[in-house]
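Data first, discussion second: the structure below is written as structure tokens.
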Amino acid sequence: MAFVRVKRISGKEYAYLVANSWTATGPRQKVAKYLGKVIRPEKAKSEKLEVFLGLAGEAAMTEWIKKSSFREIAAHLTRLELGNHNVPTSIKTDTETTEFLDEKGRQVVLAINDGFLCAETAKKLLEYDAAADYSGYGLADALTAAGIAVDKDVFISLFGKAQAATKKEKETKDAFKDFYY
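Following numbering that gives the first Met the number 0, the numbering of the sequence shown begins with 0 at its first residue and continues without gaps.
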């Protein structure tokens with residue numbers, strides 16, 4: 000299990016990915032990777048996903064979630080949070096490749112809500128494995144680690160979609176399991 004730790008060096012904040020390892024004498028923590036300089040944008044508004052996408056009503060929102068892929072929904076949620084926090088235009092954000100770079104091309108970490116949006120946390124969210132998560136805790140952890148605040152209805156629909164996709168993949172795999180030439 001890894002988490003993001005912020006260190007203050009010469010008055011500036013830098014984020015590191017820290018990995019836990021368990022020994023006989025207790026847990027040990029080791030810095031696994033440098034993530035970048037921490038930028039803390041202020042929250043400017045609290046726009047909901049329906050308004051951000053221009054959808055009218057909860058039924059339209061549920062329909063949009065059903066027809067969209069998990070990666071597409073996660074990318075829109077990330078863009079929504081970036082818009083809600085007025086991220087400076089000097090920061091280049093690419094939600095598809097999970098890159099967050101400053102004007103010089105260096106990695107940055109955005110401290111938004113109660114999490115840190117960076118390449119590692121965005122990648123963890125996009126690579127979410129619904130088959131290993133039966134309760135939704137893994138998805139909730141990935142969303143909060145990335146600093147993405149999601150409404151209850153959207154979370155339930157998103158988790159249901161991920162579980163349904165996993166179930167469909169398993170059924171397809173099982174259908175061809177006993178196939179012989």
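All residues carry an ideal CB built from backbone N, CA and C; glycine is no exception.
Note on TYR133: under 16 other CB atoms within 10 angstroms of its CB, so exposed under the neighbour-count rule.
GLU12 has its alpha-carbon roughly 6 Å from the corresponding atom of LYS6.
Comparing alpha carbon positions, the residue from THR77, VAL86, ASN85 closest to THR143 is THR77. Distance from the Cα of PHE2 is smallest, within the candidate group GLY10, SER9, TYR15, ILE8, for TYR15. Residue nearest to GLU98 within the set LEU125, ILE155, TRP63 is LEU125 (criterion: CA-CA distance). In the three-state DSSP reduction, ALA18 falls in the strand class (E or B).
When the five nearest sequence neighbours on each side are left out, the beta carbons in the same chain lying within less than 8 Å of the beta carbon of PHE154 are those of GLY135, LEU138, ALA139, LEU142, in order along the chain. In the DSSP assignment, ASP140 falls within the alpha helix (DSSP H) that extends over 136-144. Taking 7 Å as the cut-off, the Cβ atoms of GLY114 and ALA73 do not count as close. Here the region 18-25 does not lie against the region 41-51, with fewer than 3 beta-carbon pairs under 8 Å apart. When the alpha-carbon of ASP128 is set against those of ILE64, ALA18, LYS160, the nearest one is in LYS160. The Cβ-Cβ distance between VAL107 and GLY10 does not fall below 7 Å. GLU71 and SER20 have their C-alpha atoms some 34 Å from each other. Our two residues, ALA163 and ILE8, have alpha carbons roughly 46 Å apart in a direct line. Secondary structure at VAL50: helix, using DSSP grouped into helix, strand and coil.
Boundaries of the beta strand (DSSP E) harbouring GLU98: 98-100, taken from the DSSP string. A direct Cα-to-Cα measurement between VAL17 and SER68 gives close to 31 Å.
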